[in-house]
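K.L.:
Here's a structure for you.
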Amino acid sequence: MRISINQPEIEQAIREYLSRQISLSHGKSFKIDMMATRGANGFTADIEIVDDPVKAAPIPVNEETGEVKPAPVPEVSEAPKKNSLFSQIHMA
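With our numbering applied, the sequence shown covers 1247 to 1338.
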């Protein structure tokens, strides 16, 4: 049997493992940078505990009713269109 997992799955597994081992304060998260290495080690992962801008933001509360205000939806800009290397070639 062979099981293959990709980098995002490995990073998620590391986050879940670390979350069970280390309690992070509110507004913190793990930052994982994976690097391929030569030799028997294969990969290494550098892990930092950083401020999480999503978790660190205060929760907006309506002062009159005490209800939590819905979070603003961030605007998503379109990614630039990718052109093929051969898109500028015109056949005569």
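Glycine included, C-beta positions come from ideal geometry on N, C-alpha and C.
1) Measure the alpha-carbon distance for M1274 versus D1298 and round it to whole angstroms.
2) Go through its chain and collect everything with a Cβ distance to A1282's Cβ below 8 Å, but skip five positions before and after it.
3) In angstroms with no decimal places, state the Cα-to-Cα distance between G1285 and A1291.
4) Do the CB positions of L1270 and I1295 come within less than 8 Å of each other?
P.N.:
Quick answer:
1) For the sequence presented, residue 1274 should be read as Lys rather than Met. Across the structure, K1274 and D1298 are spaced so that their CA atoms are roughly 5 Å apart.
2) The answer, listed in chain order, is G1288 and F1289.
3) Cα to Cα, the separation comes out at about 15 Å.
4) At the C-beta level, L1270 and I1295 come within 8 Å of one another.
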